[in-house]
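Peer 1: Got a structure here, written out as C-alpha cells. Questions coming.
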Amino acid sequence: MNITILGPGAVGSLYAYKLHLAGHSISLWGRTSSSKIEVTLDDGESIAFNNQSLEDLERCDLLVVTVKAWQVKSALLPLLTHLHPDAIILFLHNGMGTVDSLSEQLAHRPVLLGTSTHGALKVNSSTVHHTGIGQTLIGAWNKKGQQCEFVAEVFDHGFSPAQWHSIIQQALWTKLVINCAINPLTAILDCRNGQLANHEYREQLFSIVKEAVTCARFDGVELDAPVLLDTVVNVAKSTAQNYSSMHQDIYNKRQSEIDFINGYVVNIATKHHVDIPNNLSLYQKIKQIEASWSQHD
Ligand code: PAF
C-alpha cells in the first residue's frame, strides 16, 4: 500500500519503519520542511523516507495520523484537499475526542480509529527504540470505515499483532482509562511508570479508574473497574522503566494531551452532572503546570 504517516514522532516512526520492512511504500509528513527524514529502529539500518511529498500524499491509500491529540486538527485539515476521497484515514494516537470535532470534514471518507500499546522512545532526531511489544487494535469510525477490515490484516502482516475490533470504542476507552491513571500521576510525581505499581498508589488508581468507568457508561461502553485496575497495574509493571508520554511532555515543557485524556472524561462528567474529583484534580494540576510556563518563561 502507499501509506503516509502524519506525525513521525516515536510511535509514527516505529510504524513507518515496520511497514516499510513489510514492503509498503511509506512517506512521512513531519513538521520539518526537509524533503527526507531518516529513521533508524534499534540496531537496524537507517532508512530515508520522503517528507512532505505532495505527490506521495495525493496517491496515498492510507493516511495514518500519529500526531499528538491536540495537533490533529491543525495538522490534518490542510492535507485533506490533497487526499483522494477514497483514501483511508486511520487515527492512532492517545486520547479521545479529536475525530468528533472533525466529523463534518470526515463524514464522506473511510475513517478508522486505532489504539496501540507498543512502547516507543525517540532517543535522538532519527533513532527510535521499540521499548515494549504491544498490539494494534483497529476499528471503524463510520460506515465507509466498516469496509476497511483488511487494514488490520495489513498491519498484522507488517507489524504483528494487529486485530480488527468491531466495537473499537471499548478498546479506545480501555486505553483511555490506562492513560487517565498512569500519565498525569507519573508527570506530577516525576516518576517512571513502574512506581505506580507500588501498593501505596492502589487506592488512588482505583478511584481514577472507577470515575472513568462511570463516564464510559454515558458513552455506551461497559467496562469492569476491578479488571481495569489490574490492567493499569500490569501496564505500569510491563512498562516499569518507561517515562509516560505525559511525563516526557511535562518534563520537556511541551503541551500535554491532558485535554483529550482526563479532560475528555471531565467533560462527560460535567455534561451529566457527575462528580469525578480524582480525575478533575489531576486535570487541574497538569493545566496549572502548563499555565506556569507561560507566566515564568
Ligand atoms: O502514553 C503513554 O506513555 C502510554 O500510552 C502508556 C501506556 C501509559 C505507557 O507509557
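Convert by adding 1284 to the 1-based position in the sequence shown; the result is the number in the numbering used here.
Quick reminder that beta carbons are idealized off the backbone N, C-alpha and C, glycines included.
If you're wondering where the values come from, they're calculated on a predicted model, not measured in any experiment.
Using the Cα positions of I1560 and P1510, report the straight-line distance between them to the nearest angstrom.
Peer 2: Your numbering for residue 1560 matches position 276 in the sequence shown. Your numbering for residue 1510 matches position 226 in the sequence shown. Straight-line Cα distance between these residues: approximately 17 Å.
Peer 1: Rounded to a whole number of angstroms, what is the C-alpha to C-alpha distance between R1343 and R1315?
Peer 2: Taking the first residue of the sequence shown as 1, we reach residue 1343 at position 59. Taking the first residue of the sequence shown as 1, we reach residue 1315 at position 31. R1343 and R1315: Cα-Cα distance of roughly 20 Å.
Peer 1: Which runs of the beta strand (DSSP E), 3 residues or longer, sit entirely within the segment 1444 to 1526?
Peer 2: Here the runs fully enclosed are 1446 to 1448.
Peer 1: If distances are taken between C-alpha atoms only, which option among D1345, P1362, C1464, L1460 comes closest to T1399?
Peer 2: By 1-based counting over the sequence shown, the position of residue 1399 is 115. Among D1345, P1362, C1464, L1460, the Cα nearest to that of T1399 is on L1460.
Peer 1: With hydrogens ignored, establish whether the beta-carbon of T1399 is closer than 7 Å to any heavy atom of ligand 1.
Peer 2: What you label residue 1399 is simply residue 115 of the sequence shown in a count that begins at 1. No, ligand 1 has no heavy atom inside 7 Å of this Cβ.
Peer 1: For H1368, which option in V1351, L1390, M1380 has the closest C-alpha, if you only look at C-alpha atoms?
Peer 2: As a first step, residue 1368 must be located in the sequence shown, where it is residue number 84. Per the Cα distances, L1390.
Peer 1: Grab me the residues of D1326's own chain with a C-beta within less than 7 Å of its C-beta, minus the 5 sequence neighbours each way, in chain order.
Peer 2: Your numbering for residue 1326 matches position 42 in the sequence shown. Within the same chain, D1326 has close Cβ partners H1413, H1414.
Peer 1: Does the beta carbon of T1523 fall short of 7 Å from some heavy atom of ligand 1?
Peer 2: Numbered from its first residue, the sequence shown carries residue 1523 at position 239. Yes; taking the cut-off as 7 Å, the Cβ of T1523 has a heavy atom of ligand 1 nearer than that.
Peer 1: What is the DSSP secondary structure of L1367, counted as helix, strand or coil?
Peer 2: On the sequence shown, position 83 is the one that residue 1367 refers to. In this structure, L1367 counts as coil in the three-state DSSP scheme.
Peer 1: Measuring alpha carbon to alpha carbon, tell me which residue in S1410, T1401, A1353 is nearest L1386.
Peer 2: Taking the sequence shown and counting its residues from 1, one reaches residue 1386 at position 102. When only C-alpha atoms are compared, the closest one is A1353.
Peer 1: Are L1469 and I1422 touching if we call contact CB-CB under 8 Å?
Peer 2: Walking along the sequence shown from the start, residue 1469 turns up at place 185. Walking along the sequence shown from the start, residue 1422 turns up at place 138. Taking 8 Å as the Cβ cut-off, L1469 and I1422 do not qualify as a contacting pair.
Peer 1: Take I1542 as the anchor and find which of G1381, L1347, E1329, L1338 has the nearest alpha-carbon.
Peer 2: The residue given as residue 1542 occupies position 258 in the sequence shown. Out of G1381, L1347, E1329, L1338, G1381 has the C-alpha closest to the C-alpha of I1542.
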